[in-house]
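In the working numbering, the protein residues as written are 28 to 337. First the structure, in the form of structure tokens, and then the observations on it.
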Amino acid sequence: MKVCARSRNDNVKGMAILDVGLMTGFKPITADLDKLVKNRIVDKYEYSQRSVVFYLGTIPADRDVCVEFGLDQEFAVGKLQSSSVKAYAYYDPDILCTKFYAPNSTSPLLKIKCDDPGQSDVCMCLEGGCPPENVPDMFTKSKGEIIPTPECREELRSYACEEVDFVWLGTARNTTHKDGFISARFTIEKVLKPGTESSDTLNGMQRVVRARDHCDSFSIKDDTRYIIMGKDPKYKEEDDFGREHYVYVIDSDSLVINHSQKRRGSKRTRKPGRLGQNAAGNANNERCDWDKLVNWFVQEFSNEDTRCFT
Numbered sequence: 028m029k030v031c032a033r034s035r036n037d038n039v040k041g042m043a044i045l046d047v048g049l050m051t052g053f054k055p056i057t058a059d060l061d062k063l064v065k066n067r068i069v070d071k072y073e074y075s076q077r078s079v080v081f082y083l084g085t086i087p088a089d090r091d092v093c094v095e096f097g098l099d100q101e102f103a104v105g106k107l108q109s110s111s112v113k114a115y116a117y118y119d120p121d122i123l124c125t126k127f128y129a130p131n132s133t134s135p136l137l138k139i140k141c142d143d144p145g146q147s148d149v150c151m152c153l154e155g156g157c158p159p160e161n162v163p164d165m166f167t168k169s170k171g172e173i174i175p176t177p178e179c180r181e182e183l184r185s186y187a188c189e190e191v192d193f194v195w196l197g198t199a200r201n202t203t204h205k206d207g208f209i210s211a212r213f214t215i216e217k218v219l220k221p222g223t224e225s226s227d228t229l230n231g232m233q234r235v236v237r238a239r240d241h242c243d244s245f246s247i248k249d250d251t252r253y254i255i256m257g258k259d260p261k262y263k264e265e266d267d268f269g270r271e272h273y274v275y276v277i278d279s280d281s282l283v284i285n286h287s288q289k290r291r292g293s294k295r296t297r298k299p300g301r302l303g304q305n306a307a308g309n310a311n312n313e314r315c316d317w318d319k320l321v322n323w324f325v326q327e328f329s330n331e332d333t334r335c336f337t
């Protein structure tokens, strides 16, 4: 593998560290590492099971400095996860940039913003996990058994109110795969729970949602309605018109619920005057149904008064 780095700050001097993470099952060819020292490309190196740490005199700002070495695969892994490369100043480790890589793909890190005014010219990077799979079972079952409707409603309400910062209902558009990420423009139909950005700001607007491309649980499709919930964003990027917007990363702290299927209705023939009584009784006694739960959730969270109780 070949790793190159260049300083983004002319004022950074002195020793630098290049910490090259190794993917599971791989080890470096030590003869190649020794050659880097012999040829004075690096001052020295340290090798562990997880990474190779190179010590360099400096990382210049006017050219790339590269280290190249071979890898041996010790054992096969079912699904390789990405690893990382970190470059930082030895005497000022806050001057840091991290980049993620994966086999057979460029898969760089999600580099959101590097040039905040008044801040060090340091890359800010993000790498998250994947949203949970089989979301219905998270809220409708306990120990393999389907739970009563009141319990599953409380589970979903509690999760949305306590575990995430925002909840949206909307439609995915313009899904793209690039640099190891899946991105989509999400048209927000309704803000079910506002986070950093208010309902007035978001209703009817688009925001970019993004996840790692190895996340099977983020198989988002164009022109499909979803409920998306997650943590508040930390980074912004410019759109095609130079305007800055938050980028919402869908990771292990997020949920994605497909809301495009035709939900089963609850229309039944009832005797006049007993509708409310029957509905309440049925809700308390019946086993939790995922489609009905999602419909209930959208209705409940569309009203601020019935959303979260504090």
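We put the CB at the ideal spot given by N, CA and C, even for glycine.
Figure out for me which residue from 45, 260, 201 has the closest Cα to the Cα of residue 81.
If you compare the alpha carbons of 45, 260, 201 with that of residue 81, the shortest gap goes to 45.
Within the continuous beta strand (DSSP E) that includes residue 218, where are the two ends?
208–220 is the extent of the beta strand (DSSP E) around residue 218.
Run through the DSSP bridge pairs and tell me what residue 24 is partnered with.
Residue 24 is absent from the structure shown; the chain starts at 28 and stops at 337.
Whole-angstrom distance between residue 266 and residue 30, CA atom to CA atom:
It is roughly 30 Å from the alpha-carbon of residue 30 to the alpha-carbon of residue 266.
Distance, residue 40 Cα to residue 85 Cα
In this structure, the alpha-carbon of residue 85 lies about 6 Å from that of residue 40.
Bounding residues of the alpha helix (DSSP H) (the contiguous stretch that carries residue 324):
Unbroken alpha helix (DSSP H) run through residue 324: 317–328.
What are the boundary residues of the beta strand (DSSP E) that includes residue 263?
That run of the beta strand (DSSP E) goes 262–265.
Are the segment 204–224 and the segment 232–249 touching, with three or more C-beta to C-beta distances below 8 Å?
Three or more Cβ pairs drawn from the segment 204–224 and the segment 232–249 lie within less than 8 Å of each other, which places the two stretches in contact.
Rounded C-alpha distance that separates residue 26 from residue 124:
No answer is possible for residue 26: it lies beyond the span of the chain, which begins at 28 and ends at 337.
Cβ-based neighbour list, residue 172, same chain, cut-off 8 Å, excluding 5 preceding and 5 following
Cβ within range, chain order: n/a, list empty.
Leaving out the 5 sequence neighbours to the left and right, which residues in its chain are closer than 6 Å to residue 42 when beta-carbon positions are compared?
Excluding residues up to 5 positions away in sequence, 117 lie with their Cβ nearer than 6 Å to the Cβ of residue 42 in the same chain.
Coil, strand or helix - residue 237 by DSSP:
Residue state, collapsed to three classes: strand.
What's the gap between the Cα of residue 189 and the Cα of residue 159?
Residue 189 and residue 159 have their C-alpha atoms some 17 Å from each other.
Endpoints, the alpha helix (DSSP H) within which residue 186 is located
Under the DSSP assignment, residue 186 falls in the alpha helix (DSSP H) whose first and last residues are 176–189.
Could you check what DSSP says for residue 170 in three-state terms: helix, strand or coil?
Coil, per DSSP.
Length of the line joining the Cα atoms of residue 239 and residue 34
Each residue's alpha carbon lies about 27 Å from the other.
Within the present structure, is the beta-carbon of residue 274 separated from the nearest heavy atom of the ligand GDP by less than 7 Å?
No copy of the ligand GDP appears in this structure; indeed no ligand is present at all.
Sequence ranges, beta strand (DSSP E) only - wholly within the segment 50–137, length at least 3
Runs of the beta strand (DSSP E) inside the segment 50–137: 53–55, 71–74, 78–83, 92–95, 98–100, 110–116, 123–128.
Once the 5 residues before and after residue 323 are set aside, which same chain residues still bring their CB inside 7 Å of it?
Leaving aside the five residues that flank residue 323 on each side, the residues in its chain whose CB is nearer than 7 Å to its CB run, in chain order, 180.
Smallest Cα separation from residue 122: which of 36, 99, 100, 89?
Taking residue 122 as reference, the option from 36, 99, 100, 89 with the minimal CA-CA separation is 36.
For the candidate residues 278, 243, 284, whose alpha-carbon lies nearest to that of residue 197?
Of the candidates 278, 243, 284, the one whose C-alpha sits nearest the C-alpha of residue 197 is 284.
Per the DSSP calculation, residue 203 is bridged to which residue(s)?
Partner(s): 210.
Residue from 68, 248, 157 with nearest C-alpha to residue 279:
Checking every option, the nearest Cα to that of residue 279 belongs to 157.
Could you give the distance in angstroms between the alpha-carbon of residue 287 and the alpha-carbon of residue 248?
Whole-angstrom Cα-Cα distance: 11 Å.
My assumption, with CB atoms under 8 Å, is that residue 263 sits in contact with residue 275. Please give the rounded CB distance.
Between residue 263 and residue 275 a beta carbon distance of about 11 Å is seen, past the 8 Å cut, so the two are scored as non-contacting.
Can you tell me whether residue 37 is helix, strand or coil according to DSSP?
Taken through DSSP and simplified to helix, strand or coil, residue 37 comes out as coil.
Below 8 Å CB to CB, which residues in the same chain sit around residue 321 once its five sequence neighbours on both sides are set aside?
Annotation for residue 321: 254, 284, 286, 290 place their beta carbon closer than 8 Å to its own, counting only its chain and skipping 5 residues before and after.
Is the beta carbon of residue 55 closer than 8 Å to that of residue 83?
For the pair residue 83 and residue 55, the CB atoms are not nearer than the 8 Å cut-off.
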